[in-house]
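Chemist: Encoded as structure tokens, here's the structure I'll be asking about.
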Amino acid sequence: MTEEHRNLTDADVAAITDALEKRMTERFYNDIGRGVWSMVWKAVVVALVGIAAYGSMKGMK
């Protein structure tokens, strides 16, 4: 078996780094989006629980 040595050109390296940068940027923004939606969901749940507690306390009077 013979080993074949392949060299990367500058264009190959640039294409690889561009693809990696694009993928990392997309993952970063997806993670931020998930974090924001998580915070929004928690705020909605807290608001609903607060409204329910307020209604419960108002009904006791």
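For the sequence shown, counting from 1, position 8 maps to 36 in my numbering; every step adds exactly one.
Backbone N, C-alpha and C fix where the C-beta goes; we use that ideal spot for every residue, glycine too.
This one's a predicted model, so the numbers in the text were calculated from it and none came from an experiment.
(1) Quick check on DSSP: helix, strand or coil for L36?
(2) Leaving out five residues on either side along the sequence, give the residues of the same chain with a beta carbon under 6 angstroms from the beta carbon of A42.
(3) Distance check for T45 and R34, CA to CA, integer angstroms please.
Modeler: Reading it off the structure:
(1) Within the sequence shown, the letter at position 8 stands for residue 36. Three-state result, L36: coil.
(2) Locating residue 42 in the sequence shown gives position 14, counting from the first residue. No residues qualify anywhere along the chain.
(3) By 1-based counting over the sequence shown, the position of residue 34 is 6. By 1-based counting over the sequence shown, the position of residue 45 is 17. For R34 and T45, the distance between alpha carbons rounds to 18 angstroms.
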